[in-house]
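Everything below concerns the one structure shown next.
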Amino acid sequence: MIMNTKEILQGYQDIFNESAEKLFFSPGRINLIGEHTDYNGGNVFPCAISLGTYAAFGNRDDETIQMYSANLPNTGIISVTLKDLTYKKEDNWSNYLKGMIYLIQKDGYKIDHGFNIYVHGNLPDGAGLSSSASIELLMGNILNDVFKLGINQIDLVKMGQQNENNYIGVNSGIMDEFAVGMGKKDQAILLDTNTMEYHYAPVELGDHVIVIMNTNKQRALADSKYNERRSQCEQALALLQTKLNIKSLGELSIDEFDRNSYLINDDTLIRRARHAVFENQRTLKAIKYLKENNLTEFGKLVNASHISLHYDYEVTGVELDTLVEAAWQQDGVLGARMVGAGFGGCAIAFVQKGQVESFKQNVGQIYQEKIGYNADFYIAEIADGPSEIKISEVEK
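Here it is in structure tokens:
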């Protein structure tokens, strides 16, 4: 899964018949705990990872933008102009780039010429590791650098979410873009999505590593029940607000929710809201246990997160459940849970280093026997946010 940056530069040369001027990288993300809480005004605890999206870039002297993805070679070069950046379904993956260009221009920043861009990522497609946020923040940081726009990173993060919500049409929270844009090596981010207050916390797992388990079942976020879950939480919140002065489910303690859940009076809506409230509190406890180096209790909360996502939020599915339940049975595992929106994609497990190979073999075999095809496994290294890679260093 490690990308050869020389091959990316060569790929740009082959497609555009010129040498790239700049090379950039933007990470993907995993969320250690705090799933489906970001749009409910709760806390999340994500980090950027070393898998992500690379881009080779070259300026043009006209207003044309040419985009090519090595991950989707059959789509060829997608060509647009600075004057027409409207969303078009046929423009496929490039809409994520176009939307960022459009929003940056709309905010009054000047992009005065076109460019060529060659994109190649090593995030598994549709795996729930935030390939869309990775490519959005990649584009934002490239434009910021090349055109010397002076946009601060938090504003780029917010533009990424606007792009997702208003341009692409997915009613997502801000966690993915925040984790990608603000990532720091070996640290996760505790973000209160209600206030946007955040701080970094070292992720010290002792002799354990984070293993990403990919179901290899793709899920298209825009087509999933993601928007439906958000709507259900909003309905539950509106019912609670008939008596409570709150702006989000994330403001409630477990006790406050228990005492007032009668206001919702609908089994499905109660379960959706209960997940949002309990998961928020689990996230706060998880930070406390990590700081105390109490990895055993941290792992129990990770497991509880998955159970809540299965029973209360109903976003796991047989593939994710098979991986996670198999992981729970293995030696040296602190905890495991699904990550991302669900309905396929990935899960994570905290595994003792000496047990990783047997873990992959055993979980992989259980999965293959039950589901009928293979899962993939990667070690997740916690990484920095988007950055330029000096071409002179690559060419040494």
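Just so it is clear: in the sequence shown, position 387 is 387 by full-length UniProt numbering, and no numbers are missing. Cβ atoms here follow ideal geometry from the backbone N, Cα and C, with glycine treated the same way.
Membership of K88 in any alpha helix (DSSP H) is not indicated, and neither H nor E is assigned to it by DSSP.
The UniProt domain "GHMP kinase C-terminal" (286-364) is shown to contain whole alpha helix (DSSP H) runs of 4 or more residues at 295-311 and 318-328, in chain order. Residue burial annotation: M196 is exposed, with fewer than 16 other C-beta atoms found within 10 angstroms of its C-beta. Between the C-alpha atoms of Q281 and A380 there is a straight-line separation of about 25 Å. Contact check between the segment 304-317 and the segment 5-18: fewer than three CB pairs, one atom from each, fall below 8 Å, which does not count as touching.
Residues of the same chain with a CB within less than 7 Å of the CB of A383, apart from the 5 flanking positions on each side, are P27, A48, I49, S50, G183 and K185 in chain order. Sixteen is the threshold: since fewer than 16 other Cβ atoms of the shown chains lie within 10 Å of the Cβ of H199, the residue is exposed. Look at D62 here: in three-state DSSP terms it is coil, with no helix or strand label. Distances from the alpha-carbon of N227 to those of S172, N194, A276 and R271 put S172 closest.
The closest CA to that of E35, considering only Q355, L295 and A273, is found on A273.
Taken in chain order, the whole alpha helix (DSSP H) runs of length 4 or more contained in the UniProt domain "GHMP kinase N-terminal" (95-183) are 95-106, 131-146, 153-162 and 175-181. Between A188 and P46, the C-beta spacing is below 8 Å. The shortest CA-to-CA distance from S358 to any of G206, Q330 and H120 is the one to Q330. Remark: C-beta atoms of G121 and S132 do not approach each other more closely than 8 Å. By the Cβ test, the segment 235-250 is not in contact with the segment 281-291, since fewer than three Cβ pairs between them sit closer than 8 Å.
Per the C-alpha coordinates, the member of N40, I30 and I15 positioned closest to S248 is N40. DSSP, read as helix, strand or coil, puts D186 in coil. In the three-state reduction of the DSSP assignment, I78 falls in the strand class, which pools E and B.
For a cut-off of 8 Å, the C-beta gap from I168 to N95 is around 6 Å, short enough to register as a contact. Under DSSP, the beta-bridge partners assigned to N31 are P46. In the structure shown, H208 falls within a strand segment according to DSSP collapsed to helix, strand and coil. P202 carries a strand assignment under DSSP once its states are collapsed to helix, strand and coil.
The beta carbon of E18 lies closer than 7 Å to those of G58 in the same chain, with the five residues before and after it left out.
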